[in-house]
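Chemist:
In this note's numbering, the protein residues as written are 17 to 546.
Have a look at this one:
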């Protein structure tokens, strides 16, 4: 195992003299090749708990007087020392549950409308990126969702919501992170996955009703729109009431930079309803099912309509929120489709994949201003930003107009940083990853909107170590090929990838932390200390 510096020192001031003696004897007596994660030290009912790294594998140590048990920790080796016992435990689901029960800070919380940043971790396990995410986020005034994964990501990686939450718990405990954090089950589209997320202990539920969105109304004639509109209701009387509700609205929303008029006409109401009403109803039903299964309405809840062909208009946004509110849905955030291309792993582009011009950025900013103004006027909910990684041109605009009412989601960018670490320490393995990513790109890109130009991506045989790190940082097409290949690469090379990362954890953590800090600084978030 590579020699690494200890992270700080044990906080002996927090424990009794007897516990100090117990800890000192434990460290000196154990004939194990390990180093402790000192920030993990925690005390409960006379027992001392901390995590260690033993030959690249993280474990939990419980130190207890001989007359005490180890609080239900399972599957561990018990070592008997003079006046106490030490249990060396694997990081299992059962043991994560015990730690969550004992130390409340290792369980996720409902975070509400605080400025939020989601840090998805696509690898997990022994190569969990959570410690890196914490080392970045702990210095900022931001709520962080350390457990964030979508159903689609779980399907590609072979993980479960339970595993995702457990990995976050161990990362929180390892780093001694005492601030509240969240767990976001993303892109939920069916009752089964919603139930799995509730049962796993998630606190935020992002419903994706894209399968209920009709993207064709813009191409419909008036009579076709009318027929499609009437088909949404049981009776003409019900349809008439819906129409009258919106035709009666005439509001001016005034913000710090502009005024937005909310006023509907018949054809506009029909087109918005045809496009979104089934999705709104699905979201309302999903909210009812989730809160019933969880036994509380105290959750974070988001509706996502970002995967549409056209940007979400101000009038559509207003109608969506009005319908959800009328249905009793307590929304934490809405993720609209912004007027820009939010592709994976690269900065914002135009909707057809070009680098945005000043005019494009102005149109994007105008759309953000409208969305943020409606969110402020309609109540306390945030704007959700999906595929939020690496959108550095967008961050200052979003920060300026949302006034902190945002929830940005990232995941693939941390995985790309992991791949950089692999390329640095095992160039041969990276060449195999690169080759497989190119071979499987057409399959991998399905379900993602990309404008990747493969001609700009070098062949595996053309690579050297310096070129890889540079390319994975600056070449957008290269980044996207590797970005969407995560499932294919983890399925074929997962053990080897995790092996390289677990042998170089400190480099991995610091690499991820440094990259996430760039995102947080991009939003101008307040640093808590320098």
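Just so you know, even glycine gets a beta-carbon here, dropped at the ideal spot from N, CA and C.
For the beta strand (DSSP E) holding residue 538, just list the boundary residues, first then last.
Modeler: Where residue 538 is concerned, there is no enclosing beta strand (DSSP E), although the alpha helix (DSSP H) it sits in stretches over 521-538.
Chemist: For residue 153, I'd like the list of residues in its chain whose CB is within less than 6 Å of its CB, leaving aside the five on either flank, ordered along the chain.
Modeler: For residue 153, where only same-chain residues beyond five positions count, the Cβ hits under 6 Å are 160.
Chemist: Can you give the Cα-Cα distance for residue 130 and residue 465, rounded to whole angstroms?
Modeler: For residue 130 and residue 465, the distance between alpha carbons rounds to 29 Å.
Chemist: Can you tell me the Cβ-Cβ gap for residue 299 and residue 223, rounded? I've got them flagged as a contact below 8 Å.
Modeler: At roughly 5 Å, the Cβ-Cβ gap stays under 8 Å, so residue 299 and residue 223 are in contact.
Chemist: Among residues of its own chain, excluding the 5 on either side of residue 353, which ones have a beta-carbon nearer than 8 Å to its beta-carbon?
Modeler: Cβ within range, chain order: 321, 322, 323, 324, 326, 327, 328.
Chemist: Suppose the cutoff is 6 Å on Cβ atoms and the five residues either side in sequence are ignored; what does the same chain contact list for residue 497 look like?
Modeler: Cβ neighbours of residue 497 beyond the five flanking positions: 453, 457, 473.
Chemist: My guess is that residue 185 and residue 108 are in contact by the Cβ rule of under 8 Å, so how many angstroms apart are they, rounded?
Modeler: Incorrect: roughly 11 Å between the Cβ atoms, too far for contact.
Chemist: For a test of the three-state rule: what should DSSP assign to residue 323, helix, strand or coil?
Modeler: Coil, per DSSP.
Chemist: Only counting the same chain, and skipping five residues up and downstream in sequence, which positions put a Cβ closer than 8 Å to that of residue 170?
Modeler: For residue 170, where only same-chain residues beyond five positions count, the Cβ hits under 8 Å are 176, 177, 180.
Chemist: Within its chain, find whatever has a CB closer than 7 Å to the CB of residue 81; leave out the 5 residues flanking it on each side and keep chain order.
Modeler: Counting only Cβ-Cβ distances below 7 Å, and skipping sequence neighbours, we find 62, 99, 100.
Chemist: Determine the DSSP secondary structure at residue 27, reduced to helix, strand or coil.
Modeler: Bear in mind that a pLDDT of 39 at residue 27, under 50, signals an unreliable position, so the model cannot answer this.
Chemist: Taking C-beta to C-beta, are residue 318 and residue 400 nearer than 8 Å?
Modeler: Yes, the Cβ-Cβ distance between residue 318 and residue 400 is below 8 Å.
Chemist: According to the Cβ coordinates, are residue 524 and residue 237 closer than 8 Å?
Modeler: No, the pair does not count as a contact, with Cβ atoms beyond the cut-off.
Chemist: Decide yes or no for the touch test of the region 287-307 against the region 334-342: beta carbon pairs closer than 8 Å, at least 3 of them.
Modeler: Taking 8 Å as the limit for Cβ pairs, the verdict is that the region 334-342 does touch the region 287-307.
Chemist: Quick one: what does DSSP say residue 236 is sitting in, helix, strand or coil?
Modeler: In the structure shown, residue 236 sits in coil (DSSP, three-state: anything other than H, G, I, E or B).
Chemist: Evaluate contact between the region 471-490 and the region 430-439, counting only Cβ atoms and requiring at least three cross-stretch pairs below 8 Å.
Modeler: Contact holds: three or more Cβ-Cβ distances are below 8 Å.
Chemist: In the DSSP assignment, the beta strand (DSSP E) including residue 196 goes from what residue to what residue?
Modeler: Premise fails: residue 196 is in no beta strand (DSSP E) and is neither H nor E.
Chemist: Using C-beta distances below 7 Å, list every residue in its chain close to residue 105, excluding the 5 sequence neighbours before and after it, in chain order.
Modeler: Cβ within range, chain order: 75, 76, 78, 89, 91, 92, 111.
Chemist: Can you name the residues that DSSP bridges to residue 165?
Modeler: In the DSSP output, where bridge partners are listed per residue, residue 165 has 201.
Chemist: Check this for me: beta carbons of residue 315 and residue 220, under 8 Å apart or not?
Modeler: Yes, Cβ-Cβ distance for residue 315 and residue 220 is below 8 Å.
Chemist: Per DSSP, residue 316 forms a beta bridge with which residues?
Modeler: In DSSP, residue 316 forms a bridge with 220.
Chemist: Would you call the region 535-542 in contact with the region 498-508, where contact means no fewer than 3 C-beta pairs closer than 8 Å?
Modeler: At 8 Å Cβ cutoff, the stretches do not touch.
Chemist: Using only CA atoms, which one of 144, 264, 230, 500 lies nearest to residue 281?
Modeler: That would be 264, whose Cα lies nearest to the Cα of residue 281.
Chemist: Mapping DSSP to helix, strand and coil, what is residue 399?
Modeler: Three-state result, residue 399: strand.
Chemist: Give every residue of the same chain whose Cβ lies closer than 7 Å to the Cβ of residue 516, excluding the five residues on either side of it in the sequence, and list them in chain order.
Modeler: Result list for residue 516: 438, 441, 442, 445, in chain order.
Chemist: Please report the distance separating the alpha-carbon of residue 371 from that of residue 432.
Modeler: The straight-line gap from Cα to Cα measures roughly 21 Å.
Chemist: With a CB to CB cut of under 8 Å and the five nearest residues on each side skipped, what residues in its chain are close to residue 380?
Modeler: Excluding sequence neighbours, residue 380 sits near 354, 355, 356, 364, 372, 410, 413.
Chemist: Does the Cβ of residue 402 have 16 or more other Cβ atoms within 10 Å, making it buried, or fewer, making it exposed?
Modeler: Under this definition residue 402 is a buried residue.
Chemist: Kindly indicate the opening and closing residues of the beta strand (DSSP E) around residue 52.
Modeler: From DSSP, the beta strand (DSSP E) with residue 52 extends over 50-60.
Chemist: Is DSSP giving residue 145 helix, strand or coil here?
Modeler: Of the three classes helix, strand and coil, the one that applies to residue 145 here is coil, per DSSP.
Chemist: Rounded to whole angstroms, what is the Cα-Cα separation between residue 341 and residue 349?
Modeler: C-alpha separation (whole angstroms): 12 Å.
Chemist: Residues in its own chain within less than 7 Å of residue 481 by CB, not counting five upstream and five downstream?
Modeler: 439, 440, 443, listed in sequence order.
Chemist: Taking just the CA atoms, how far does residue 269 sit from residue 390?
Modeler: Each residue's Cα considered, the two are about 7 Å apart.
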